[in-house]
Structure formats: structure tokens, C-alpha cells
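Presented below is the structure to which this report refers.
Protein chains in written order, with this note's numbering: chain A, 867 to 1314; chain B, -4 to 120.
Take a look at the structure:
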């Protein structure tokens, strides 16, 4: 962005035109006692060289994934990111702070979003995808609201095996909308929802039932049971999926999902201390597309018959429908969505399957190795994908602090989610057998 | 039973048959909206308040709400419009009807215009 400074002359001209003598006159509405009457307590200016040194020293205080080997997941995952991504997304044509509001001009951006939507549909087995949302949790909340609007019902059924932070976001969205939430407990032996839990729900009122696949514990839910109860009751089936798991699992479309959401961080986006991420959102039928939140790019032909792209179905959106809009989201995460598009293109179908199978195998290898340590057990019996829970009567926060000294980022202690002595490990394709073995040996030394 | 055709200032037409009214939009309204590409219909059984928007017509230019001059329960919707929204353009007064409403209480049409009054009203628009 261009920086144009203001000259003293221009400053005086503006003051004259406002009819005031000095800038302070603009602040008379603020009571005197609340105004700062001294200079801000800031350090003196630095030269460029001093500034670079200062920030390098600050940055060196951070532990990052270049200097540590991470087994932390729980929503953000340390996957390998092909370097071509930063070269493409760094191009000036894409690297803009704003979404395309002049669609006729930004054909390239629109095409990239259209390709993104196409890939999300292929991954999820859905008919239509929007141009992306903020993150997986907010996409799930929007899915719940959409289900209420589509079914005209006001009960959302959430599994307790859903990521607790996603649950918080959904609750926050729903509590101002007069929507009730019912919870499905998970079975303490399997770690997934048992169909018996369905009996306590008054399904005739249910707008949707949500299932997270894999769930917060990394375990595979029995989606068929959710699908059946949804079909029988007229509730929509909303699936919150880990996109990497779709490399190996049946697509949500095949399982009967009506709305599919998820977080796209694991598809080539940096963990970035928790963001920015990208949420994907797709739905199954022409009728539901009209209820879908967010922007949608469509393919069309211009007056010469040449292929072109436009923002379409905007009549759902708030700049046209005002208070009757399907959602108040009028934006997307274009650059992060572009990253997922490049990522999936670079991996290709075979590479993507290979990614999933490496995650599965390495995570299950580490799980077996950890269970060789005395005192560690696997509390849940359902099969897991890239993450798994281990139980051990140790203080995992303290263990993690020690692990960090050895260059390891440990798993996510679940104590703060009400499960003391439980820890959630994540193992991606980025981990090597040597790293896993070394981690297991280090951990054994620390807790034995 | 006699039928009465009436028009609103919002360019809906109302065909009154006893306590049931059929509602659509006028030929003038459809020509102003341009090609209709989608009709967002209510559900049968929905209750509509007088003056409330109960359906939306999406054209290539804009989305317009259709308002009900009467309060009552939706007893029928024109399901043909789901797949053929263009009927509103082609046959606004007949095959392009939108809903039927069973009116709460007695139908009041005195405030609405008859055909001649509506044609005179259009000249002033």
C-alpha cells in the first residue's frame, strides 16, 4: 500500500476547512480527565539494523516446528507443505487483502475459487460448495443454522465427542437464535457415540444431527447410524470432517450427509499459532444450495460464448436480501482456500491417498509403541486415524514441559476438557520412524 | 360462488373465492422484474400475517418479496414454479399463481383496487 505523508501546509488547510485551530479541538468530546496529558511510554526509535536485531531476538524466544518435533494436534496439524505453495500464493494477482467484489475483472481469482469449490465437492461427494468460510468451527455453526432454516425446526443435536472448542463456537452462534441444543454422550469404552444414545432425543423436533469424523479423540464414528436416524426423522445429517481422512474413508455424500463442513488448515495451510485457517462448506442438493451461506462462484459463458466465472446465487446474501439473508457472512478466506487448492493439485489423487495412509500407519505405529510403556493404556476401543488418546496417571502438562527441553512438542493434555490423565497425540506423514522411536524412548525415560 | 379479482399497490393480484384467496403478481410486475429464475415458496400450513412477505421472486435483476394483503393459512402453493419459475413471466395471471390462503375471518377487499382502478393506478406509476 502506498504511504502518502501529510505536510504541515495540508494539515493547516484541513484545520481551516473544519473551522478549528488545532487538532486537539477534535477531541473536546472526550472529558479532560480521560485524556492522556503526557507522551506515550515508548522506547526511543531504532535504526533499521537495530530493529532487525531486536525482532530476531524476540523471534528466537519462540519454539517453532523447525526446532521441535511435534505430536500436537487437536485441530491444527503439522503436515508437510510443498514449497511451491508460497511461490504461487505470493503472486501479486492473488495476494490481496480483500475478496473479489468486482467479479468481471478478477477472472483469475474467481477461477481459482471455482477450482477450490470443485475439489471440495469431489472430496466430500456433495453437489455444491461455497467459496469457503473462516474456519471449521464457524462453518459448523453456520451448518446448524442452515439446517434450522431448511427444516424450520429448532433443535440441533451435537455429539459430546465433538471438539469442545467447536462446540463452544456452535453454542455461541445458536444461543442468540432461540435454537436448542441436545447432546449425545459418547460411550466411555469405545469413545464414540453408541446408537443407544439416540433414544433420549426427541427427533421430530430435530433440525439436524452433527457427527464429527474422526471425532475429537481421533476415533471413527459409526456414521451409518447417524445417517439412518436423520433419514427416519427428517433431520439433516451434518458431517464435520477432517479432509485428510477423506483420502481413505467413504465420502460423506455416499454416507447420506446433507451438509459437510470442516477445517482446511491441514490442506497446506500453516499452523500459524492457530490461524488464519479456512473452513469448507458443501451441501448435497439443489434445494439446499439456496439456503447455503457464503459466496459462491459459478461457471458461465459470456456474450461471445467464452468460458467465464461470476459470483452467483448472491440473492441469498445480505447485500441483497438484507435481514432475510441466509447468513451474515459476505466474505471468504480466499488466500487460504487457494492454498488448499494448490495443495490438493500438487499432491494429486495418488499423493493424497498416500498422505492419508501414511498418517494412519504412523499414528497407529506410535500408538502401539506407546502402549509398550508401563502404565500407559488405550482408553477407547474404536479405531483411530491420525490422532489417538492415551491414558496414564501422570501430569501431562509437566511431562510436556520436560519434553520441550528435549526438542519435542508433546500431545494435547485433555485435563482442561474434563479428562485428567488423558492425552491426545497426533502423528502426521511429516513424522519419521526415527522421530517416533526417539519420542517414545524419551517419554519412557520421563515417566517411568 | 362469485369470484372477485383485486389488485394491491405492490402489484399483487388477489382472486377471492369465498374465504380462500389465490395470489399472484400482475403482468406489469412481472415485466418490471424481468426474467424470474427462482421462486422461494412458503410451506403449506404456514401462517401469514396481513402485510407480511410470504414468498420471494428472484429475477436476474433483483429479489422481490411478495406481500399478502390478507392474514391466514397457506392452503396451497404452486409447485410447478419450483421447476418452472418462468411461468410467472409467461402467464402471471393464470399458471403463474403463487399461493392460496385461507383467510382468517372475513375477507376485506374494500381497500384493494378492481381491474379498472388498477389500470388507472398504473398510468400514474
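Yeah, the Cβ is synthetic: ideal placement off N, Cα and C, and Gly gets one too.
According to DSSP, which residues form a beta bridge with residue i?
i                       : result
residue 999 of chain A  : A/1145
residue 59 of chain B   : B/52
residue 1025 of chain A : A/1050
residue 1060 of chain A : Per DSSP, none; premise fails for residue 1060 of chain A.
residue 1279 of chain A : A/1289
residue 1222 of chain A : Beta-bridge pairing links residue 1222 of chain A to no other residue.
residue 1099 of chain A : Beta-bridge pairing links residue 1099 of chain A to no other residue.
residue 1177 of chain A : A/1163
residue 1079 of chain A : A/1107
residue 0 of chain B    : B/10
residue 1196 of chain A : Partner(s): none; residue 1196 of chain A has no beta bridge.
residue 936 of chain A  : A/1275
Given a cut-off of 8 Å on the beta-carbon distance, is the pair residue i and residue j in contact?
i                       : j                       : result
residue 1101 of chain A : residue 1061 of chain A : no
residue 70 of chain B   : residue 93 of chain B   : no
residue 1265 of chain A : residue 1278 of chain A : no
residue 1 of chain B    : residue 109 of chain B  : yes
residue 1006 of chain A : residue 1106 of chain A : yes
residue 1250 of chain A : residue 1085 of chain A : yes
residue 43 of chain B   : residue 67 of chain B   : yes
residue 954 of chain A  : residue 1208 of chain A : yes
residue 1001 of chain A : residue 1145 of chain A : yes
residue 1150 of chain A : residue 993 of chain A  : yes
residue 80 of chain B   : residue 49 of chain B   : no
residue 996 of chain A  : residue 1159 of chain A : yes
residue 19 of chain B   : residue 91 of chain B   : yes
residue 1223 of chain A : residue 1114 of chain A : yes
residue 1020 of chain A : residue 1045 of chain A : yes
residue 51 of chain B   : residue 61 of chain B   : yes
residue 1082 of chain A : residue 1142 of chain A : no
residue -1 of chain B   : residue 104 of chain B  : yes
residue 1292 of chain A : residue 1253 of chain A : yes
residue 1162 of chain A : residue 1236 of chain A : no
residue 1295 of chain A : residue 1228 of chain A : yes
residue 117 of chain B  : residue 9 of chain B    : no
residue 1016 of chain A : residue 1157 of chain A : yes
residue 1131 of chain A : residue 1111 of chain A : no
Measure the C-alpha to C-alpha separation of residue i and residue j and round it to an integer number of angstroms.
i                       : j                       : result
residue 1087 of chain A : residue 1117 of chain A : 14 Å
residue 844 of chain A  : residue 1104 of chain A : Nothing about residue 844 of chain A can be reported from this structure: the residues present for chain A run from 867 to 1314 only.
residue 1315 of chain A : residue 1180 of chain A : Beyond the ends of chain A as shown, which are 867 and 1314, falls residue 1315 of chain A; an answer cannot be given.
residue 1308 of chain A : residue 961 of chain A  : 43 Å
residue 867 of chain A  : residue 936 of chain A  : With a pLDDT of 47 at residue 867 of chain A, under the threshold of 50, the modelled position of this residue cannot be trusted; read the value that follows with caution. Roughly 37 Å between the two C-alpha positions.
residue 1168 of chain A : residue 1174 of chain A : 6 Å
residue 1219 of chain A : residue 1213 of chain A : 9 Å
residue 1281 of chain A : residue 1257 of chain A : 11 Å
residue 982 of chain A  : residue 1203 of chain A : 7 Å
residue 1233 of chain A : residue 906 of chain A  : 54 Å
residue 1053 of chain A : residue 1059 of chain A : 6 Å
residue 1040 of chain A : residue 998 of chain A  : 20 Å
residue 1199 of chain A : residue 989 of chain A  : 19 Å
residue 899 of chain A  : residue 918 of chain A  : 38 Å
residue 21 of chain B   : residue 1014 of chain A : 33 Å
residue 5 of chain B    : residue 948 of chain A  : 58 Å
residue 30 of chain B   : residue 59 of chain B   : 12 Å
residue 63 of chain B   : residue 1165 of chain A : 36 Å
residue 1302 of chain A : residue 1241 of chain A : 19 Å
residue 978 of chain A  : residue 914 of chain A  : 38 Å
residue 934 of chain A  : residue 1077 of chain A : 33 Å
residue 111 of chain B  : residue 54 of chain B   : 28 Å
residue 882 of chain A  : residue 890 of chain A  : 14 Å
residue 879 of chain A  : residue 888 of chain A  : 11 Å
residue 946 of chain A  : residue 1134 of chain A : 7 Å
residue 37 of chain B   : residue 974 of chain A  : 38 Å
residue 1259 of chain A : residue 1049 of chain A : 29 Å
residue 895 of chain A  : residue 1032 of chain A : 42 Å
Could you check whether the Cβ of residue i sits closer than 8 Å to any Cβ belonging to chain B?
i                       : result
residue 1156 of chain A : yes
residue 867 of chain A  : Any reading at residue 867 of chain A needs caution, since the residue's pLDDT is 47, under 50, leaving its predicted position unreliable; the model's value is listed next. Chain B, which has no Cβ nearer than 8 Å to the Cβ of residue 867 of chain A, makes this no.
residue 1304 of chain A : no
Does the beta carbon of residue i sit closer than 8 Å to a beta carbon anywhere in chain A?
i                     : result
residue 30 of chain B : no
residue 46 of chain B : no
Compare the C-beta of residue i with all C-beta atoms of chain C and state if any pair is closer than 8 Å.
i                       : result
residue 1048 of chain A : This model lacks chain C altogether; the protein chains it does include are A and B.
Requested in this report: Taking only beta carbons into account, state which residues of the stretch 1159 to 1193 of chain A come closer than 8 Å to chain B, listed in chain order.
Outcome: 1181, 1186, 1187 and 1190
query = Looking at chain A, which residues of the stretch 51 to 80 of chain B have a Cβ within less than 7 Å of any of its Cβ atoms?
reply = 53 and 58
* Could you run through the stretch 7 to 36 of chain B and flag, in chain order, every residue whose CB is less than 8 Å away from some CB of chain A? => Residues passing the 8 Å Cβ filter: 33 and 35.
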